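The structure appears right after this line, and notes come after that.
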């Protein structure tokens, strides 16, 4: 009787081992064919094929449903900040710019003439500082110290971002460099986040050229590719504005 039980048990283990091994082989073959299929998809101007784009869009919808952009980013003492913040990403800021003549163009959604702001308009708002762990989508991170004004304070002070005759915000904000070579689209919830800043200082000094002088975005709830340097243009929309890295295959949201 005991031998029969042992034989039955051995056969059961062997069957499980066989099916597990077969499943592993099938999964490997399936993965290989999937990779071959993906590699052979048509590529146009480096943009994603529609199948991949649909998958990314579905992932973003899941994220929006179950995760919030209202979480506060961890902050650090100023002594933790890098003395020489890392430089990364130069699209849209390679040309020289006369900081004294710089102005921010805000385009009216209603078709009215644009409004232009100088640096003194920005600096008239209460100054805020943040020391946080700046994360790059390439995999590196660094604690940095920036100073500026809350994006939400700027919008509220100058009555921007809401639909005419309404208290309703537009769903998105678009930002571009003055030469329009780099551009990002942001959801309004992230823009209104209390840690999202329009910055003109790094380590208590005016922004250098390659850190986005004279004004850049710091949005700690998102990866660095959304932190646009050298803001030149701002506009509002109920549909997602164009986004540089989204067009090249990254998720639109890239929330941490």
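Numbering (this note's numbering), first residue to last: 47 to 302.
Virtual Cβ for every residue (Gly too), placed ideally from N, Cα, C.
Being a predicted model, the structure only gives us computed values, none of them experimental.
The way I'd put it, the region 162 to 182 doesn't touch the region 215 to 222; fewer than three beta-carbon pairs between them come closer than 8 Å.
A straight line joining the alpha-carbon of residue 269 with that of residue 208 spans about 26 Å. For residue 181, the enclosing beta strand (DSSP E) begins and ends at 174 to 181. Judged by DSSP in its simplified three-state form, residue 233 adopts strand.
Every beta strand (DSSP E) stretch that sits fully inside the region 198 to 262 and reaches 3 residues is listed by chain position as 218 to 222, 229 to 233, 243 to 248. Contact fails between the region 243 to 256 and the region 281 to 301, because fewer than three Cβ pairs, one in each stretch, are under 8 Å apart. Annotation for residue 188: no alpha helix (DSSP H) segment contains it, though the beta strand (DSSP E) segment containing it runs 187 to 196. For residue 151, the uninterrupted beta strand (DSSP E) run begins and ends at 150 to 152, by DSSP. The residue from 161, 259, 158, 124 with its alpha-carbon nearest to that of residue 223 is 259.
Closest option to residue 146, judged by alpha-carbon separation, among 197, 257, 261: 261. Residue pairing of residue 280 in beta bridges, as defined by DSSP: 152, 221. Relative to the Cα of residue 136, the nearest Cα in the group 189, 271, 299, 116 belongs to 271. For residue 269, there is no enclosing beta strand (DSSP E), since its DSSP letter is neither H nor E. The beta carbon of residue 291 is closer than 7 Å to those of 271 in its chain, skipping five residues each way along the sequence.
When DSSP states are grouped into helix, strand and coil, residue 143 belongs to the coil group.
Between the alpha carbons of residue 191 and residue 120 lies a distance of about 13 Å.
Of the other Cβ atoms in all chains shown, fewer than 16 fall within 10 Å of the Cβ of residue 133; this residue is therefore exposed. Excluding the 5 residues flanking it on each side, residue 183 has same chain C-beta neighbours closer than 6 Å at 269, 271, in chain order. Ranked by Cα distance from residue 253, the options 234, 275, 151, 189 are led by 275. Between the alpha carbons of residue 201 and residue 172 lies a gap of roughly 13 Å. Within the model, the alpha-carbon separation for residue 302 versus residue 152 is close to 28 Å. Under the DSSP definition of a beta bridge, residue 163 partners with 150. Under DSSP, residue 121 forms a beta bridge with 178. Residue 168 sits in a helix when the DSSP states are folded into three classes. Around the Cβ of residue 281, a 10 Å sphere holds 16 or more other Cβ atoms; the residue is buried.
Between the beta-carbon of residue 138 and that of residue 228 there is about 3 Å, and that keeps the pair under the 8 Å contact cut.
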